[in-house]
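This report concerns only the one structure given below.
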């Protein structure tokens with residue numbers, strides 16, 4: 587299979603950032619920094635027309651070319667990876683995904699994903715609607731977002747859950763640490779989200795080729811320079827909370843794409859805390875809540891000092 591070449595232009599405002607970290611922060615790639623460095627060693631990344639080195643730094647305006655080789659395996663393979671299973675029956679399960687875990691195999695992430703772990707745990711008994719690379723995956727959350735995710739074990743469960751997602755009937759609540767002081771304790775961001783015309787690897791609030799997006803937020807604790815917030819989604823657009831919070835001037839703490847990186851955390855401080863849905867077979871309404879993970883509590887301690 588042919589490899590895939592993606593080209594980026596480094597914006598001037600990112601001057602001074604390490605190249606490997608900058609590439610790892612591009613949401614379209616979903617690469618860890620170590621995976622980026624491996625691609626550099628293999629000569630798969632060009633920086634301003636020359637083979638890239640991990641200690642190169644952005645000046646602004648450079649063209650960055652990333653060649654992604656196709657995964658050698660044609661389907662995901664079972665791997666014995668620990669999972670935090672919150673609920674499970676014969677039709678579906680709810681998993682509390684760890685921060686840093688990629689949901690399904692992709693270029694740069696051929697294994698070690700949630701799907702690999704699910705194939706082991708479920709002995710291959712997962713919905714096949716999304717094919718061999720994404721079995722059972724009805725919806726997803728970003729690699730560096732932790733929290734609750736529903737997985738379909740049967741096709742009928744998958745179809746029923748997908749219908750609920752389409753009409754936005756899921757209950758989905760996230761908690762996050764956002765930057766800055768909020769003027770209002772509660773609010774709603776109703777603004778369409780689409781691809782950023784100036785950077786196709788990011789999303790933004792825009793009217794062009796966009797989809798309607800609604801996020802309700804509540805300030806749980808206001809600190810001097812940060813806030814612990816709860817967000818409830820009406821819609822589920824790509825990076826919705828991250829984009830909406832940036833739009834109102836309160837980017838998520840540690841967000842390398844829509845805010846700025848922080849030394850104490852890898853990626854954004856965002857946790858999918860609660861999820862509720864109607865069981866697609868029994869018709870029973872189910873709702874699950876997860877505890878805030880250790881990394882999140884550590885950030886709260888730091889910003890509350």
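In my numbering, the protein residues as written are 587 to 891.
Note that the Cβ used here is the ideal one computed from N, Cα and C, for glycine as well.
The structure displayed is predicted, hence computed values, not measured ones.
First through last residue of the alpha helix (DSSP H) which encompasses residue i
i	result
residue 609	605-610
residue 712	Neither: residue 712 is in no alpha helix (DSSP H) and is coded neither H nor E.
residue 688	First-last for residue 688: undefined, no H or E at that position.
residue 881	880-889
residue 669	It is not in any alpha helix (DSSP H) - residue 669 carries neither H nor E in the DSSP assignment.
residue 663	Here residue 663 belongs to no alpha helix (DSSP H), and DSSP marks it neither H nor E.
residue 701	700-707
Three-way DSSP call (helix, strand, coil) for residue i in this model
i	result
residue 737	strand
residue 822	coil
residue 617	coil
residue 623	helix
residue 657	Residue confidence for residue 657 is low, a pLDDT of 48 falling below 50, so the modelled location carries little weight; the figure read from the coordinates is stated next. Three-state result, residue 657: coil.
residue 752	helix
residue 652	strand
residue 728	coil
residue 877	coil
residue 696	coil
residue 548	Residue numbering for the chain in the displayed model covers 587 to 891; residue 548 lies beyond these limits and cannot be assessed.
residue 759	strand
residue 637	strand
Neighbourhood of residue i by C-beta distance below 7 angstroms, restricted to the same chain and skipping five residues each side
i	result
residue 623	606, 640
residue 618	610
residue 713	721, 722, 738, 739, 740, 741, 743, 744
residue 821	754, 798, 799, 800
residue 888	850
residue 834	775
Nearest-angstrom Cα separation, counted from residue j out to residue i
i	j	result
residue 803	residue 627	43 angstroms
residue 738	residue 687	19 angstroms
residue 839	residue 767	13 angstroms
residue 779	residue 764	19 angstroms
residue 784	residue 754	29 angstroms
residue 864	residue 663	30 angstroms
residue 814	residue 867	36 angstroms
residue 658	residue 635	Below a pLDDT of 50, predicted positions are generally treated as unreliable, and residue 658, at 49, falls in that range; no measurement from the model is reported.
residue 758	residue 859	8 angstroms
residue 668	residue 594	36 angstroms
residue 682	residue 776	28 angstroms
residue 706	residue 756	27 angstroms
residue 615	residue 678	29 angstroms
residue 724	residue 673	16 angstroms
residue 728	residue 823	12 angstroms
residue 884	residue 761	14 angstroms
residue 597	residue 700	33 angstroms
residue 805	residue 773	9 angstroms
residue 625	residue 874	39 angstroms
residue 633	residue 751	40 angstroms
residue 666	residue 716	22 angstroms
residue 810	residue 890	8 angstroms
Beta strand (DSSP E) segment containing residue i, residue limits
i	result
residue 593	590-595
residue 531	Given a span of 587 to 891 for the chain in the structure shown, any question on residue 531 remains unanswerable.
Residues near residue i in its chain [Cβ-Cβ closer than 8 angstroms; skip 5 each side]
i	result
residue 881	685, 732, 851, 855
Cut-off 6 angstroms between Cβ atoms - residues of its own chain near residue i, not counting five sequence neighbours on either side
i	result
residue 825	789
residue 693	654
residue 842	611
residue 807	814
residue 832	844
residue 660	Note that residue 660 scores a pLDDT of 44, beneath 50, so its modelled location is shaky; the value from the coordinates is reported in the next line. Cβ within range, chain order: n/a, list empty.
residue 621	694
is_contact[residue i, chain B] using C-beta, thresh 8 angstroms
i	result
residue 627	Of the protein chains in the structure, only one exists, and it is not chain B.
### Task
Entirely within the segment 762-806 and at least 3 residues each: give me those beta strand (DSSP E) ranges in chain order.
772-776, 779-782, 785-791
#### Entry: Sequence ranges, alpha helix (DSSP H) only - wholly within the segment 815-864, length at least 4
826-833
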